[in-house]
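Have a look at the structure below before the remarks.
Numbering (the numbering used here), first residue to last: 105 to 580.
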């Protein structure tokens, strides 16, 4: 690697994209699921790169051998590329306290909560995750939950330059498996939970878990906490000697006496030292108790003051599209990103516990993704709702009607189901049917401001659509 790092110091750029190569670049040939970067080396050489990095089993043809361009062989070009990006951007992770959060659900909420608490404690903190990559008022980009290695290290470097001292990051299973953030040094890490999702990519729950496990086995961190109520969390706690949090009695940090209303939540947290602290917050949704408890458990493990955390958690910023209340009278409308069976169950249980007159749930399922979770989501919606309106989410290249049919397979009582594939019309139907005291839940898209249909992203924001339709109904 030392030879590679010496070259990185001389390079104009580092890239794994053959289209980005220019004179003085280092090109990394990576084997992906659809393309093999080694097959583009001939084309890359015409652009006079400084060097080409290949996997050790690559057998270069004569024209590559005779090109005069340095060919570096490595064990794993994915890892090498991430480490080269880290070097190219001057190891920004060493200048920041980086917090990594992984799990199926709760990553975004936990990252926003963590950033909110640290900013409240006057530690300037950015966020990298599903909603956006942001520090203070500056947005550096958005897209993948955890970005490509070059974007990851570049964003961290920009945050350092702009005065950030810490970053709260969502770490996806895809990113861990693809070593996008390889080499990053963490201050602290959190495991939220594991439930069915992304099986179109990982194939089995065990593979999915092994991807998440990489955050704890391949990276350095000062402290780590896991959800001890979760079977996979318990496995991690045992294997890596991590602190656990949850409601069950054998957790290191135990959640006690929780209270949740539409105005906020509070709970007691007992610590490994036997102390008990009460935390109150403006966060809404019962599932946020777990997210807040996980973040507080990590910060307490790192030595933060419970008294200071009690103070700053009372007024946290709204998390975009996470139990976001868009309207409150005469009925309540909540928009949430829940798009897995487990997240749907947590969301709808939280709503039912608020004791509304009725629960009306509007949702669909993403196209070209794990089909097996669709009937499970249907079953959850039926169980916790008085009325279910099935619609489109991001159908992508699938037919909305076929996705809806998959969801219907999990629903026994079809009398409480209405079908409207047009998402705007489905929301409009819910608003027209709602009465005082009802809660409408619009699930699946949360903060998203588009709807993806046949490869095109059309502008669509559930929150804006609700406000527009309510305004039309009031003018009525």
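Beta carbons are placed, not taken as given, at the ideal position from N, Cα and C, and that holds for glycine.
Considering only the beta carbon of each residue, do residue i and residue j sit closer than 8 Å?
i           : j           : result
residue 531 : residue 573 : yes
residue 444 : residue 297 : no
residue 430 : residue 571 : yes
residue 557 : residue 499 : yes
residue 566 : residue 549 : yes
residue 392 : residue 369 : yes
residue 464 : residue 410 : no
residue 108 : residue 176 : yes
residue 142 : residue 158 : yes
residue 316 : residue 206 : yes
residue 283 : residue 183 : yes
residue 438 : residue 545 : yes
residue 274 : residue 250 : yes
residue 404 : residue 365 : no
residue 199 : residue 264 : yes
Work out the CA separation of residue j and residue i for me, nearest whole Å.
i           : j           : result
residue 299 : residue 119 : 34 Å
residue 293 : residue 262 : 22 Å
residue 379 : residue 333 : 20 Å
residue 560 : residue 290 : 37 Å
residue 123 : residue 162 : 21 Å
residue 363 : residue 195 : 43 Å
residue 287 : residue 267 : 22 Å
residue 396 : residue 257 : 27 Å
residue 227 : residue 220 : 10 Å
residue 517 : residue 452 : 18 Å
residue 244 : residue 418 : 28 Å
residue 319 : residue 538 : 44 Å
residue 467 : residue 455 : 15 Å
residue 186 : residue 373 : 39 Å
residue 512 : residue 201 : 46 Å
residue 189 : residue 554 : 31 Å
residue 311 : residue 515 : 29 Å
residue 509 : residue 448 : 18 Å
residue 336 : residue 352 : 15 Å
residue 255 : residue 236 : 12 Å
residue 492 : residue 329 : 37 Å
residue 432 : residue 529 : 20 Å
residue 547 : residue 459 : 19 Å
residue 269 : residue 242 : 15 Å
residue 355 : residue 414 : 21 Å
residue 442 : residue 231 : 20 Å
residue 506 : residue 240 : 43 Å
In this structure, does DSSP put residue i in helix, strand or coil?
i           : result
residue 145 : helix
residue 196 : helix
residue 614 : Past the edges of the chain, shown from 105 to 580, lies residue 614, and the structure says nothing about it.
residue 387 : coil
residue 482 : helix
residue 518 : helix
residue 447 : helix
residue 125 : coil
residue 566 : helix
residue 524 : coil
residue 337 : helix
residue 106 : helix
residue 331 : strand
residue 320 : helix
residue 111 : helix
residue 343 : helix
residue 429 : strand
residue 312 : helix
residue 169 : helix
residue 531 : helix
residue 549 : coil
residue 494 : strand
residue 575 : helix
My assumption, with CB atoms under 8 Å, is that residue i sits in contact with residue j. Please give the rounded CB distance.
i           : j           : result
residue 229 : residue 212 : Incorrect: roughly 15 Å between the Cβ atoms, too far for contact.
residue 151 : residue 127 : 7 Å
residue 178 : residue 145 : Actually they do not touch by this definition, with Cβ atoms about 14 Å apart.
residue 389 : residue 435 : Contact flag wrong, Cβ pair sits at about 17 Å.
residue 130 : residue 148 : Not really, about 10 Å apart at Cβ, beyond 8 Å.
residue 225 : residue 503 : Wrong, their Cβ atoms sit about 50 Å apart, outside the cutoff.
residue 214 : residue 407 : About 19 Å separates the two Cβ atoms, so there is no contact after all.
residue 421 : residue 216 : 7 Å
residue 520 : residue 486 : 7 Å
residue 425 : residue 440 : 7 Å
residue 462 : residue 490 : 4 Å
residue 327 : residue 402 : 6 Å
For chain C, is any of its Cβ atoms less than 8 Å away from the one on residue i?
i           : result
residue 220 : In the structure shown, chain C does not exist; there is a single protein chain.
Report the start-end ranges of each alpha helix (DSSP H) in the stretch 254-301 that is 4 residues or longer and not cut off at the edges. Assignment of alpha helix (DSSP H) within the stretch 254-301, counting only whole runs of 4 or more residues, yields 277-281 in chain order.
Complete alpha helix (DSSP H) runs within the stretch 353-422 (minimum length 4 residues, chain order): Runs of the alpha helix (DSSP H) inside the stretch 353-422: 391-405, 410-416.
Go through the stretch 171-249 residue by residue and report every complete run of the beta strand (DSSP E) that reaches 3 residues or more, in order. 174-178, 201-206, 229-232, 237-239, 242-245
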